[in-house]
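Enquirer: When we follow numbering that gives the first Met the number 0, the leftmost residue of the sequence shown carries the number 0, and every step to the right adds one.
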Amino acid sequence: MNAVQPTASRTAKIRNLRGLHARAAARFVRCASRFEANVTVHKDGLSADGNSILGLMALSASLGTTVSIEASGPEAASVVVALGQLVDEGFGEKH
0 MNAVQPTASR
10 TAKIRNLRGL
20 HARAAARFVR
30 CASRFEANVT
40 VHKDGLSADG
50 NSILGLMALS
60 ASLGTTVSIE
70 ASGPEAASVV
80 VALGQLVDEG
90 FGEKH
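#1: From the DSSP output, in three-state form, read off Asp48 for me.
#2: Helix, strand or coil for Ala70, going by three-state DSSP, please let me know.
#3: Could you tell me which of Ala31, Asn50, Gly72, Pro73 sits nearest to Leu82, measuring between CA atoms?
#4: CB-CB under 8 Å to Glu69, same chain, minus the five flanking residues each way: which ones, in chain order?
#5: Per the DSSP calculation, His41 is bridged to which residue(s)?
#6: For Ile52, which residues of its own chain have a beta-carbon under 6 Å away from its beta-carbon, when the five flanking residues on both sides are left out?
#7: Between the Cα of His20 and the Cα atoms of Asp43, Gly44, Ala57, Arg33, which residue gives the shortest distance?
#8: What residue from Ala47, Ala76, Ala60 has the CA that sits closest to Arg14's CA?
Encoded structure:
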């Protein structure tokens, strides 16, 4: 029997000046990889694996862009909260 995986999602606005560039994407992936969950990020009809730096960069999420963070798995809710906070805080960069 296949168990239904917990899911969670939220939107977040990119707040750092350079957007979701290489360093920010690396921080996102590092954070996502700490949790037992599959993460997908959506922007304007495009999707990227939350564990792929290049995939995240390909979204071209610039300052002011809204992204949707979705996760499934045992720690879906926790990873969405952590990633949402990371985005809200501008990936630790100056806003």
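For every residue, glycine included, the Cβ atom is placed at its ideal position computed from N, Cα and C.
Expert: Short version:
#1: Along the sequence shown, one-based indexing puts residue 48 at 49. Residue state, collapsed to three classes: strand.
#2: By one-based count along the sequence shown, residue 70 stands at place 71. Reduced to three states, the DSSP call for Ala70 is strand.
#3: Stepping through the sequence shown from its first residue, residue 82 is reached at position 83. Looking at the Cα atoms, Ala31 is the closest of the given residues.
#4: In the sequence shown, residue 69 corresponds to position 70, counting from 1. Correct list, in chain order: Thr6, Ala7, Ser8, Val38, Thr39, Val40, His41, Val79.
#5: On the sequence shown, residue 41 is found 42 positions in, with the first residue counted as 1. DSSP lists Ser46, Ser67 as partners of His41.
#6: Working through the sequence shown from its first residue, we reach residue 52 at position 53. Around Ile52: Ala24, Ala25, Val28.
#7: Counted from its first residue, the sequence shown places residue 20 at position 21. Nearest C-alpha to His20: Ala57.
#8: On the sequence shown, residue 14 is found 15 positions in, with the first residue counted as 1. Of the listed residues, the one whose Cα sits closest to Arg14 is Ala60.
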